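Take 4 as the starting number for the sequence shown in our numbering and just add one per residue. Everything on this sheet refers to the single structure shown next.
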Amino acid sequence: MTSTPPFAGGCLCGAIRYEISAPPYDPHYCHCRSCQKAAGAPAIAGAFIARTEFRIIRGKPRYFRSSAVAERGFCKDCGTYLIYRPLIAEWSNWMIITIACLDHPEELSPRRHYGSESRIPWFDPQGELPHEKYEDNFIDILSDGSPDERKAILERFGAP
Ligand SMILES: [Zn+2]
Ligand SMILES: [Zn+2]
């Protein structure tokens, strides 16, 4: 059975709860090192949402600036990683939530892999899905690249 909006989720201890008023889209795995470390897990399963559809209904995430172009929101009490939020203007309208923190994670099945250059070899969930690699200098290009270089990255990896 599929939930109708709002989708809801929260952290392990329950201090933070949120609602999303439209279905998340492009569910995916991200294998980049930053996601691995943020969650202490071999990969993140995430999905995009429009920022305007997201509402915190309890608690307040703390944000950690995990790169030059993004911050990650987590619960300061239990440590659960909940939110990826780009800090660059072109990507200011979307964010990513961690699928496992939704109340019904079974409803969003990943459809592709991002960050496959950092995939841990023993972890290969749904290996038949498409893989996308991030360039080594992906973050540097986003923060300091030429307009053309930035455009190419923005088109490849922005919210679909
Ligand atoms: Zn918590
Ligand atoms: Zn990642």
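Virtual Cβ for every residue (Gly too), placed ideally from N, Cα, C. Please read these numbers as outputs of a predicted model, since none were measured by experiment.
Beta carbon of residue i nearer than 7 Å to that of residue j
{"i": "residue 115", "j": "residue 31", "result": "yes"}
{"i": "residue 34", "j": "residue 146", "result": "no"}
{"i": "residue 50", "j": "residue 27", "result": "yes"}
Close-in-space but distant-in-sequence residues of the same chain around residue i (CB under 7 Å, 5 per side omitted)
{"i": "residue 13", "result": "19, 20, 21 and 104"}
{"i": "residue 83", "result": "14, 15, 77 and 104"}
{"i": "residue 123", "result": "45"}
Interface flag, residue i vs chain C, CB-CB below 7 Å
{"i": "residue 160", "result": "Here there is only one protein chain, and chain C is not present."}
Chain-order list of residues whose beta-carbon lies under 6 Å from that of residue i (same chain, five-residue window excluded)
{"i": "residue 56", "result": "23, 24 and 25"}
{"i": "residue 11", "result": "22 and 106"}
{"i": "residue 61", "result": "20"}
Extent of the continuous alpha helix (DSSP H) to which residue i belongs
{"i": "residue 141", "result": "141-147"}
{"i": "residue 150", "result": "150-160"}
Supposed contact pair residue j and residue i - C-beta distance, whole angstroms, cut 8 Å
{"i": "residue 70", "j": "residue 156", "result": "Their Cβ separation, rounded to whole angstroms, is 13 Å, which puts residue 70 and residue 156 out of contact at 8 Å."}
{"i": "residue 111", "j": "residue 102", "result": "5 Å"}
{"i": "residue 74", "j": "residue 90", "result": "6 Å"}
{"i": "residue 16", "j": "residue 80", "result": "5 Å"}
Residue i: first and last residue of the uninterrupted beta strand (DSSP E) it sits in
{"i": "residue 35", "result": "Run containing residue 35: none; DSSP gives neither H nor E here."}
{"i": "residue 89", "result": "84-89"}
{"i": "residue 22", "result": "20-23"}
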